[in-house]
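Chemist: My questions all concern the structure below.
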């Protein structure tokens, strides 16, 4: 098959839906020769922060001279960005500018998927179920990393942990568990205890675990204690040393829209990534890689780490910030970041969301009780079957805005709300509106939306 056919083959597997379990991926990888065996893996699970932690890990390892495979999901603009291999600092520099460096080539991906399709056909003939879309992609990544003879692999889970297809890795170098919150409850379970237990499923016997301190999250005090208890009990069962990374680990020295400086172990570090939680993500990566790198390599890796579409400043004039914030916790973090870097400013918002998210509460976190003000909001739709109609999103915004305005005078809340279904049109109109008034533009609500419009808004720079 060629590249378009390979993509179509993977897309066709989406009809099998999400089916947690390791039986299919284990059987498929067995037939492929178990390419995952022997890979040195840093395994990452969590609700928020997997991507930035994986970026820090990758940049640190590559800075130290290790050939590193990087598996992420979902993709932002190009499917092939989910599977990357970086051989050295030159690849990181290219990634920083063009963002496509290190991606698996189209011919190689088509070749690998052709071989996978053959084995899947044999699986079906032997009575096995068809692998899911994510399982096919995971198998392709394992094969590519094996072929490339990578020194290390940075591996993100897709959903959960215990039954995620990446979890056939038997002995990772480290397990990293990022911030947890309520998401995918229909699959992972309705309680934070169930969710934490699923994420803790990536822990392996006597493998070090580095976890984001729940006290630094937006969970209730009770849920924070539950997360801590679940992870500590599981680590104890496996005799796995568990290290928490919390706000007491760092001192934030400076914050601006160009990044932040922080103090850790009496050393000053800089990260370009925005959000008060980013120093904690950086330290998770630093601690996990410490056995393999030195402090100068850690410092440089953190300094140059980049993660597009997540609190990304893609233009200075006009100021444009892109954030794939797609749940309540991420929207809370976005709002706090805006308060830190744009206090007192009037903003233009561009948003589109998926219908199965807690959209009303996400909007409340952005719109209510903040030290910035909103001049206009453009509601649109991500290119995804699960999208919330722009008109419905605008109605929710109107309702929340009316609640906020009950105690305000009319001349203080003349917010323009526009609904445009086509994301490209909405992005162009929102950008023009912001430019004409010299206002900052903030795009958020879904990674699918950011992927749709990033090339348009970056073109303004």
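Numbering (this note's numbering), first residue to last: 287 to 747. C-beta: ideal position from N, C-alpha, C; glycine also. Remember, predicted model here, so these are calculated numbers, not experimental data.
May I have the straight-line CA-CA distance separating residue 709 from residue 668, to the nearest angstrom?
Modeler: Within the chain shown, numbered from 1, the residue matching residue 709 stands at position 423. Within the chain shown, numbered from 1, the residue matching residue 668 stands at position 382. Looking at the two C-alpha atoms, the distance is approximately 7 Å.
Chemist: Ignoring anything shorter than 3 residues or poking outside the segment 486-523, list the beta strand (DSSP E) runs there in chain order.
Modeler: 495-498
Chemist: Does the segment 583-598 come within contact of the segment 629-649, defined as at least 3 CB pairs closer than 8 Å?
Modeler: no
Chemist: What residue from 393, 543 and 369 has the CA that sits closest to residue 289's CA?
Modeler: Numbered from 1 along the chain shown, position 3 holds the residue referred to as residue 289. Of the listed residues, the one whose Cα sits closest to residue 289 is 393.
Chemist: In the DSSP assignment, what residue or residues form a beta bridge with residue 575?
Modeler: Against the chain shown, residue 575 aligns to sequence position 289. Beta-bridge pairing links residue 575 to no other residue.
Chemist: Could you have a look at residue 682 and say whether DSSP puts it in helix, strand or coil?
Modeler: On the chain shown, position 396 is the one that residue 682 refers to. Residue state, collapsed to three classes: helix.
Chemist: Tell me which same chain residues have a C-beta within less than 8 Å of the C-beta of residue 389, skipping the five on either side of it?
Modeler: Residue numbering aside, residue 389 sits at position 103 when the chain shown is read from its first letter. Excluding positions up to five away in sequence, the list reads 364, 366, 367, 369 and 370.
Chemist: Compare the C-alpha of residue 385 against each of 438, 375 and 593 and name the closest.
Modeler: As a first step, residue 385 is located in the chain shown; it is residue number 99 there, counting from the start. Ranking 438, 375 and 593 by Cα distance to residue 385 puts 593 first.
Chemist: In chain order, what residues of the same chain lie with their CB nearer than 7 Å to the CB of residue 548, ignoring the 5 residues before and after it?
Modeler: In the chain shown, the residue the question calls residue 548 occupies position 262. If we look at residue 548 and ignore the five residues flanking it on each side, its Cβ neighbours are 536, 537, 538, 539, 555 and 565.
Chemist: Do residue 705 and residue 729 have their CB atoms nearer than 7 Å?
Modeler: Position 419 of the chain shown holds residue 705. Position 443 of the chain shown holds residue 729. For residue 705 and residue 729, no; Cβs fall outside 7 Å.
Chemist: Assign residue 561 to buried or exposed, taking buried as 16 or more other Cβ atoms, counted over all protein chains shown, within 10 Å of its Cβ.
Modeler: Taking the chain shown and counting its residues from 1, the one referred to as residue 561 is at position 275. With 16 or more Cβ atoms within 10 Å of its Cβ, residue 561 is classed as buried.
Chemist: What first and last residue would you give for the alpha helix (DSSP H) that runs through residue 377?
Modeler: Looking up residue 377 in the chain shown gives position 91. First-last of the alpha helix (DSSP H) with residue 377: 375-384.
Chemist: Using DSSP's beta-bridge definition, name the partner residues of residue 408.
Modeler: In the chain shown, counting from the first residue as 1, residue 408 sits at position 122. In DSSP, residue 408 forms no bridge with anything.
Chemist: Helix, strand or coil: which one does DSSP assign to residue 585?
Modeler: Taking the chain shown and counting its residues from 1, one reaches residue 585 at position 299. Of the three classes helix, strand and coil, the one that applies to residue 585 here is helix, per DSSP.
Chemist: Count the other CB atoms, across all protein chains shown, that sit within 10 Å of the CB of residue 407; report buried if there are 16 or more and exposed otherwise.
Modeler: The residue labelled residue 407 in the question sits at position 121 within the chain shown. With fewer than 16 other Cβ atoms within 10 Å, it is exposed.
Chemist: Put residue 333 into one of helix, strand or coil per three-state DSSP.
Modeler: Translated into the one-based positions of the chain shown, residue 333 becomes position 47. Coil, per DSSP.
Chemist: Quick one: residues in its chain with C-beta nearer than 6 Å to the C-beta of residue 483, no 5 flanking neighbours on either side, listed in chain order?
Modeler: Locating residue 483 in the chain shown gives position 197, counting from the first residue. Taken in chain order, the residues that qualify are 516.
Chemist: With distances taken from CA atoms, which of 328, 584 and 735 is nearest residue 641?
Modeler: Taking the chain shown and counting its residues from 1, one reaches residue 641 at position 355. Cα-wise, what sits closest to residue 641 is 735.
Chemist: By alpha-carbon positions, which one of 470, 489, 597 and 689 ends up nearest to residue 624?
Modeler: Position 338 of the chain shown holds residue 624. That would be 597, whose Cα lies nearest to the Cα of residue 624.
Chemist: Hey, how far is the Cα of residue 665 from the Cα of residue 612?
Modeler: As a first step, residue 665 is located in the chain shown; it is residue number 379 there, counting from the start. As a first step, residue 612 is located in the chain shown; it is residue number 326 there, counting from the start. When rounded, the distance between both Cα atoms is 15 Å.
Chemist: So, for residue 743: in the same chain, excluding its five sequence neighbours on each side, which residues have a beta-carbon less than 8 Å away from its beta-carbon?
Modeler: Residue 743 sits at position 457 when you count from the first residue of the chain shown. Only 600, 601, 606, 608, 713, 717, 727 and 729 meet the Cβ criterion.
Chemist: Whole-angstrom Cβ separation of residue 453 and residue 488, contact assumed at under 8 Å?
Modeler: Along the chain shown, one-based indexing puts residue 453 at 167. Along the chain shown, one-based indexing puts residue 488 at 202. Indeed they touch by this definition, with Cβ atoms about 6 Å apart.
Chemist: Is the segment 301-316 touching the segment 412-423, taking contact as three or more C-beta pairs under 8 Å?
Modeler: With the cut-off at 8 Å, the segment 301-316 and the segment 412-423 touch.
Chemist: Classify residue 662 as buried or exposed, calling it buried when 16 or more other Cβ atoms lie within 10 Å of its own Cβ.
Modeler: Position 376 of the chain shown holds residue 662. By the 10 Å Cβ count, residue 662 comes out buried.
Chemist: Does the beta-carbon distance from residue 683 to residue 703 come in below 7 Å?
Modeler: What you label residue 683 is simply residue 397 of the chain shown in a count that begins at 1. What you label residue 703 is simply residue 417 of the chain shown in a count that begins at 1. Cβ distance < 7 Å, so residue 683 and residue 703 count as in contact.
Chemist: Just reading off the alpha helix (DSSP H) that residue 735 is part of, what are its end residues?
Modeler: As a working note, residue 735 is residue 449 in the chain shown. Boundaries of the alpha helix (DSSP H) around residue 735: 733-744.
Chemist: What distance in whole Å lies between the Cβ atoms of residue 328 and residue 427, which are believed to be in contact at a cut-off of 8 Å?
Modeler: Position 141 of the chain shown, counted from the first residue, corresponds to residue 427. Position 42 of the chain shown, counted from the first residue, corresponds to residue 328. So it is not a contact: roughly 14 Å between Cβ atoms.
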